[in-house]
Every structure is written in structure tokens, then in C-alpha cells.
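The sequence shown runs 22 to 164 under our numbering.
Glycine included, C-beta positions come from ideal geometry on N, C-alpha and C.
Quick caveat: nothing in here was measured; it's all calculated off a predicted structure.
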Amino acid sequence: MKKFWAVLLTVLALGMVSSCDLLDSLFMNYLSFDNDFDPWTQGIDSSVDLSAASIGKVYKVVVPPKPLSLDISSPLVWGTAVYTTDSRIGPAAVHAGVIATSGGTVYLEILAGQDNYSNSTANGVTTMDYSSWGYSYRFTTAN
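Shown next, in the form of C-alpha cells:
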């Protein structure tokens, strides 16, 4: 155990990883994005294999600034406060009021599917309604 702490302190001292990144990696799940993933045009289901074991997990998503050419007034987002997992993360986050179009870091929690999802307009984003969907997400704070 002493060796573990010695290595950990060395890694932190050398700046190889920040203490915030270390805590995040120990206590949070990360979405694995490849270069083709864009949270403005894709949902979480394109990067995470969802199952009953996924329910309750919280994921950290870094959303870059919205591309100027992207119109998010009527994006592919279904729900209000609770969204289908194929809903575009960036526009849903703007709709929920957790980020602006300048981007930012959001945390989303995987939920069980809902029987229906209501549409609404908030923060310049209009979502759509939908019937039953397998899994959902909502925005939350870091644990």
C-alpha cells in the first residue's frame, strides 16, 4: 500500500495528472469519444452500451462550443428535463439550462426509459415529444 501512495504522490507532483482529473477518473465514468463524436449532433447511446446496469451511472461530457453553422432551434431532442438517450447532448444541455452555446462540462445520469417524453421550448431550443424509449438521461451535478 505504501508503494501505491508513493506512486500516486509522484504522479501528482510531476503534474502527469491533475488531482481533479484523478478524482474524476476514480469516482466518475467517462464517455469514450473518438474524433468523430460530436455531442451537438449525437446522443449518448452512440458512445455507451446501455443496459440495466447503466441505470444510475453518471457520465461527464465536455461539450465544445456550438459550431456557428449548426441551428439548434429544433434539434433532434426528445423530452423535457428527462431526455431519450438518442437526444443530442449539446442541444439538450442548452434546453435544460446547464450550458450555453459556448459549451461547457455537463454531467448526465442514465435513467430507466419513460412511457412518454413531453416537448417544450426553453433557452431557444424546442424539443419534441415521443412515446416509450428504452433508456433516458437527465443532467445532474458532479458527485
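Asked, Found
"Proximity winner among Thr147, Pro86, Ser67, relative to Ala121 (alpha-carbon distances)", "Pro86"
"Stretch pair the stretch 72–79 + the stretch 107–121: three plus CB contacts closer than 8 Å", "no"
"Within 8 Å, strictly: CB atoms of Thr161 and Tyr128", "yes"
"Three-state secondary structure (DSSP) of Ser67", "helix"
"Buried or exposed by the 16-neighbour rule on C-beta atoms within 10 Å, applied to Leu47", "The predicted model places Leu47 with a pLDDT of 46, which falls under 50 and marks its position as unreliable, so this point remains unresolved."
"Under 8 Å between C-beta atoms of Tyr156 and Thr106", "yes"
"Cβ distance (whole Å) where Gly134 is taken to contact Val84 below 8 Å", "Contact doesn't hold; Cβ gap of about 24 Å is too wide."
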